[in-house]
Amino acid sequence: MAKKVCAVTGGRGFMARHLVAALLRSGEWSVRITDLAPVAALEPEEKEGLLGAALRDGIAVYASADVCDLALLTKAFEGVDVVFHTAAADPVNNSFKLHYKVNVEGTKNVIDACKTCKVKRLIYTSSSAVVFDGVHGLFGVDESIPYPDKFPDAYTQTKAEAEKLVKKANDTNELLTCCIRPGTIFGPGDILVPYIVSYARTMFIIGDGKNSDDFVYVENVVNGHICAERTLTTKSGAARSGGKV
Numbered sequence: 000m001a002k003k004v005c006a007v008t009g010g011r012g013f014m015a016r017h018l019v020a021a022l023l024r025s026g027e028w029s030v031r032i033t034d035l036a037p038v039a040a041l042e043p044e045e046k047e048g049l050l051g052a053a054l055r056d057g058i059a060v061y062a063s064a065d066v067c068d069l070a071l072l073t074k075a076f077e078g079v080d081v082v083f084h085t086a087a088a089d090p091v092n093n094s095f096k097l098h099y100k101v102n103v104e105g106t107k108n109v110i111d112a113c114k115t116c117k118v119k120r121l122i123y124t125s126s127s128a129v130v131f132d133g134v135h136g137l138f139g140v141d142e143s144i145p146y147p148d149k150f151p152d153a154y155t156q157t158k159a160e161a162e163k164l165v166k167k168a169n170d171t172n173e174l175l176t177c178c179i180r181p182g183t184i185f186g187p188g189d190i191l192v193p194y195i196v197s198y199a200r201t202m203f204i205i206g207d208g209k210n211s212d213d214f215v216y217v218e219n220v221v222n223g224h225i226c227a228e229r230t231l232t233t234k235s236g237a238a239r240s241g242g243k244v
């Protein structure tokens, strides 16, 4: 049976690497990995592992494509059934110009390329931070909570704008969309948790020491993306989750 074809934008990022691996392990997908670098520079374990084998066999293909370049994206999405849009600007850089260009204009390009290439489903990696105003803690909330009147930084503001675009694009040109809002992602290959641990050893305290954050294991985030895509393949699932978070 022919494999389904998907593209993963920002495909060499932390979560995206795990997503690509899961898609390849399933045996159901041919994966097009898109990212900024001219070539996919694999780690030694990747070369000898599943990804290296998939690239050699043509089950996975790397395409150098900036989300800010519509022509390159459109070429990368040719023949693709599903797009997992994980690419985003680094949240550490608080340049509004950069975040708007990548997160908002880049997402517009992803949507336009999906429509041009007749992509059936678009799964967008958003963030739980899009509903946080930077002041008031959020406890026990769900997807119904509205966006804040004011955002604490450029990253969350532009991720929220991109999320709105993806939701609005649902059911246009036969494209179905869904957004995933993970919290802080950790797992094998992440750099955040080791960074936090190194600070913890110095007894570094943020605020009054009672601050809370949501952490989510990377494989759970990956599973959420795969489940979202699968849900949109059914009529009832599309009605329930299409254009939703």
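Numbering that gives the first Met the number 0 puts the first residue of the sequence shown at 0, with every later residue one more than the last. For glycine and all other residues, C-beta sits at the position ideal for the given N, C-alpha and C.
Residue i vs residue j beta-carbon contact at 9 Å
{"i": "R11", "j": "I32", "result": "yes"}
{"i": "A6", "j": "V82", "result": "yes"}
{"i": "S94", "j": "A88", "result": "yes"}
{"i": "S29", "j": "K3", "result": "yes"}
{"i": "V244", "j": "M14", "result": "no"}
{"i": "V101", "j": "T183", "result": "no"}
{"i": "V118", "j": "V165", "result": "no"}
{"i": "P37", "j": "S63", "result": "yes"}
{"i": "T124", "j": "H84", "result": "yes"}
{"i": "L175", "j": "D111", "result": "no"}
{"i": "R239", "j": "T232", "result": "no"}
{"i": "R16", "j": "G223", "result": "no"}
{"i": "C113", "j": "A168", "result": "yes"}
Backbone secondary structure at residue i - three-state DSSP
{"i": "D56", "result": "helix"}
{"i": "Y61", "result": "strand"}
{"i": "H135", "result": "coil"}
{"i": "T233", "result": "coil"}
{"i": "F76", "result": "coil"}
{"i": "V81", "result": "strand"}
Pick from the options that is closest to residue i, judged by C-alpha positions
{"i": "K250", "options": "M0, E142, S143, G133", "result": "Lying before the first or after the last residue shown, residue 250 is absent from the chain, which here runs from 0 to 244."}
{"i": "Y61", "options": "A40, V81, C67", "result": "A40"}
{"i": "T171", "options": "C67, R120, A15", "result": "R120"}
{"i": "P151", "options": "A238, A128, H224", "result": "A128"}
{"i": "K96", "options": "G139, S235, C67", "result": "C67"}
{"i": "G51", "options": "K74, L72, A20, E27", "result": "A20"}
{"i": "N108", "options": "S143, K167, L71", "result": "L71"}
{"i": "G242", "options": "S25, I122, Y154, E160", "result": "I122"}
{"i": "K209", "options": "L18, C116, F76, G136", "result": "G136"}
{"i": "G186", "options": "K167, F214, E160, E162", "result": "F214"}
{"i": "S211", "options": "D189, L35, G139", "result": "G139"}
{"i": "V130", "options": "N169, A168, R180, A75", "result": "R180"}
{"i": "G105", "options": "I58, E142, N92, E162", "result": "E162"}
{"i": "V91", "options": "Y154, D141, A53", "result": "Y154"}
{"i": "L35", "options": "L18, G9, V221", "result": "G9"}
{"i": "C177", "options": "H98, L23, D65, C226", "result": "C226"}
{"i": "A59", "options": "Y99, N219, L18", "result": "L18"}
{"i": "H98", "options": "K167, F76, E160, T73", "result": "E160"}
{"i": "L22", "options": "V221, P145, T73, D207", "result": "V221"}
{"i": "A53", "options": "E27, D65, S126, E77", "result": "E27"}
{"i": "A237", "options": "S25, E77, E173, R24", "result": "E173"}
Element boundaries [beta strand (DSSP E), containing residue i]
{"i": "V7", "result": "3 to 8"}
{"i": "L121", "result": "120 to 124"}
{"i": "T33", "result": "28 to 34"}
Residue i: first and last residue of the uninterrupted alpha helix (DSSP H) it sits in
{"i": "D111", "result": "105 to 115"}
{"i": "S25", "result": "13 to 25"}
{"i": "L41", "result": "Here L41 belongs to no alpha helix (DSSP H), and DSSP marks it neither H nor E."}
{"i": "K100", "result": "Per DSSP, K100 belongs to no alpha helix (DSSP H) and is neither H nor E."}
Contiguous beta strand (DSSP E) assignments of at least 3 residues, all confined to the region 147 to 230: 175 to 179, 183 to 185, 214 to 216
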